[in-house]
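K.L.:
Residue numbers (the numbering used here), protein chains in the order written: chain A, 1 to 267; chain B, 268 to 534. Using N, Cα and C, we set each Cβ at its ideal position, and we do this for glycine too. Quick one: structure below, then a few questions.
Number of protein chains: 2
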Amino acid sequence: MEQPPVIEMLPSQTLAKGLRILNAFSPTRTSWGIRELARELDMNPATVARLVTTLAGAGFLERDPETQRYALGPAVIKLANLYMHHNPLPHYARKVFESYSDRFDYNFYLGTLNGYQVVYLAVLDGRGRIKVMVEPGGSTGLHSTALGKILLAYQSDSFINAFINSRLFRAYTETTITDPETLWAQIHEIRRTGYAVNHGEHFHDIGAVAAPVFNRRQEVVAGVSLAYPRNLIPNLQVNVDNLIPLVREIADNISMYVQGDARSHQP
Amino acid sequence: MEQPPVIEMLPSQTLAKGLRILNAFSPTRTSWGIRELARELDMNPATVARLVTTLAGAGFLERDPETQRYALGPAVIKLANLYMHHNPLPHYARKVFESYSDRFDYNFYLGTLNGYQVVYLAVLDGRGRIKVMVEPGGSTGLHSTALGKILLAYQSDSFINAFINSRLFRAYTETTITDPETLWAQIHEIRRTGYAVNHGEHFHDIGAVAAPVFNRRQEVVAGVSLAYPRNLIPNLQVNVDNLIPLVREIADNISMYVQGDARSHQP
DNA sequence: TAAGGGTGTTTCAAAAAGTGAAACAGCGTT
DNA sequence: AACGCTGTTTCACTTTTTGAAACACCCTTA
């Protein structure tokens, strides 16, 4: 028995089921059959068939007539395009990132919370010894990246516990945190200090430092992280300490944009 | 009374309503209030409130706590990212486009059908006197662009009539086709010749030529268009005639990729 | 200050939609 | 030919969805 991802009690259960189907797609599962999906989501095949037909009819899924399997459809990219244009955050981030990128070798990331994952809204490589590891729209876990930890730490305790009990709380590398105690310890540290670090817990050779972006109501609406190649930095501690004020500064600059404006944005 | 966009009878009406809400967002309407949305979609405000709460709970919408209005949420860009990686069409198109782009001044577009619109999956500017006018995820009408006409022409007659009766069949410039007779005449011509043209019917100064991309079953799965600045071409007819074999060649090359492979694609 | 027009939200009985076990039909492989 | 898989249909049952009305709130206007 599987419990629905983030959500406690949503008013429209049928719609919620349809959205669960959309969220079942991932980099490792790009297409689904009806019964396969029904098994995964613990739903009746007849129900899944009806929902999937509706999703496909509206362009959110596409049916491969050969294999009878379903993949995501073109409707989603239209929505994403609208989201990226209307949402000022990525624009602000790019503007700020660009004013730093030619001075540092790090990669810059802006991400926000989506369910139990970070979803990246803007990325930029600095003078780039490492390539950007995640692109806009990509997502990573909340416990395995600096950005994820930042976003997680500022959520409610009940949210954090729900995440810990979810299937997404799992190991990506040997150093990924898998112990709730350790995670909670880091969360308290993050809440106290206002920044998060990551030592190869998602990608082996990449470390990162992250700081929160606040809106006018002092809610965390996004996070910023700087990523660096770990093997190029002999004395880690010293360098990471240098990064902390930098990532804070960048995050604060973005916060200022967010708080200054709030809705005055033209596509 | 408004009839749902593309669809005749979808099995899950509640889900369909939720998707209609998502599709209500457009470049000109990036945020909605509950009652506003209810009016637009001819639904009960209570119903809209329930659906919108569910959509927001799953990350497909975001509620602005200040204004109580809803905008698209981060879940959509994750899906779009997955779509772009799993769908081989954009990759094929870029590969083919790049082999032509340094030889011509035109812009290259790949688009597919989404409801009653073209949605663009890949764009590339050639040696570029004009900037790209639409980006991936952007959409235009089916009667006002060459690409749109191609995609429309290969649909069923009943689909075409439904489109003509929809609100999307409207003028963008003074030369946009608004007369059903004229549109039908062009559709028959396109079906006969296999290509479509556009003389500033969507953007005043831009003309284009388009050709269809076929899958293994000879269904049109996408279209390709080349756009050129109209004011730079004194004798239009001659130049357009030169473009036709070119756009056909490009479309056919992409068709070959599509037909060769069909599902062997690694993200 | 009060009225008016806008907003989102709640109620609850009536109505409609969703549900799912089982049976069916089709396609490969065993 | 039997098995195991697929997606699909049926139809009585159950549950969810529905919506008019009332409510509460925030503005702007009179």
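1. Go through its chain and collect everything with a Cβ distance to residue 150(A)'s Cβ below 6 Å, but skip five positions before and after it.
2. Could you pull the DSSP bridge partners for residue 481(B) from this structure?
3. Does the beta carbon of residue 285(B) sit closer than 7 Å to a beta carbon anywhere in chain A?
4. With 7 Å set as the bound, which would you pick, yes or no: does the beta-carbon of residue 302(B) sit closer than that to a beta-carbon of chain A?
5. Could you please give the first and the last residue of the uninterrupted beta strand (DSSP E) stretch that includes residue 280(B)?
6. Opposite residue 296(B) in the DSSP bridges: which residues?
7. Please list the partners that residue 477(B) has in chain A, where partner means a Cβ-to-Cβ separation under 9 Å.
8. Excluding sequence positions up to five away, which residues of its chain have a Cβ less than 8 Å from the Cβ of residue 362(B)?
9. Would you list, in chain order, the members of the region 75-96 of chain A that have their beta-carbon closer than 8 Å to a beta-carbon of chain B?
10. Whose C-alpha, out of 208(A), 244(A), 214(A), is nearest the C-alpha of residue 107(A)?
11. Give the straight-line distance between the Cα atoms of residue 344(B) and residue 370(B), rounded to the nearest whole angstrom.
12. Exposed or buried, what is residue 335(B) when buried is set at 16 or more other beta-carbons lying within 10 Å of its beta-carbon?
13. Can you list, in chain order, the residues of its chain with a C-beta nearer than 8 Å to that of residue 218(A)? Leave out the 5 residues immediately preceding and following it.
14. Does DSSP classify residue 314(B) as helix, strand or coil?
15. How big is the Cα-Cα spacing for residue 328(A) and residue 441(B)?
16. Using only the alpha-carbon positions, how far apart do residue 66(A) and residue 33(A) sit?
17. Identify whether residue 65(A) lies in helix, strand or coil by the three-state DSSP scheme.
18. Does any CB atom of chain B fall closer than 7 Å to the CB of residue 201(A)?
19. Give me, in chain order, the residues of the same chain whose beta-carbon lies closer than 7 Å to that of residue 59(A); leave out the 5 immediate sequence neighbours on both sides.
20. Rounded to whole angstroms, what is the Cα-Cα separation between residue 353(B) and residue 239(A)?
21. Report yes if the C-beta distance between residue 242(A) and residue 205(A) is below 7 Å; otherwise report no.
22. Could you check whether residue 198(A) and residue 145(A) sit closer than 7 Å to each other, using their CB atoms as the reference points?
23. What did DSSP end up calling residue 118(A) once you bin it into helix, strand or coil?
24. Looking at C-alpha atoms only, which residue of 455(B), 450(B), 460(B), 456(B) is the closest neighbour of residue 468(B)?
25. For residue 496(B), does the three-state DSSP call read helix, strand or coil?
26. As a quick exercise: from 380(B), 407(B), 282(B), 288(B), pick the residue whose alpha carbon is nearest that of residue 47(A).
27. Go ahead and pull the three-state DSSP assignment for residue 320(B).
P.N.:
To lay it out plainly:
1. 196, 210, 212, 223
2. 487(B)
3. yes
4. no
5. Note, residue 280(B): premise wrong, no beta strand (DSSP E); alpha helix (DSSP H) at 280-290.
6. 293(B)
7. Within chain A, no residue comes near residue 477(B); the closest Cβ sits about 17 Å away, beyond 9 Å.
8. 524
9. 75, 76, 77, 78, 79, 80, 81, 82, 83, 84, 85, 86, 87
10. 208(A)
11. 34 Å
12. exposed
13. none
14. helix
15. This structure does not reach residue 328(A), given that chain A is present from 1 up to 267, and the question cannot be answered.
16. 12 Å
17. coil
18. no
19. 73, 74, 75
20. 38 Å
21. no
22. yes
23. strand
24. 450(B)
25. strand
26. 282(B)
27. helix
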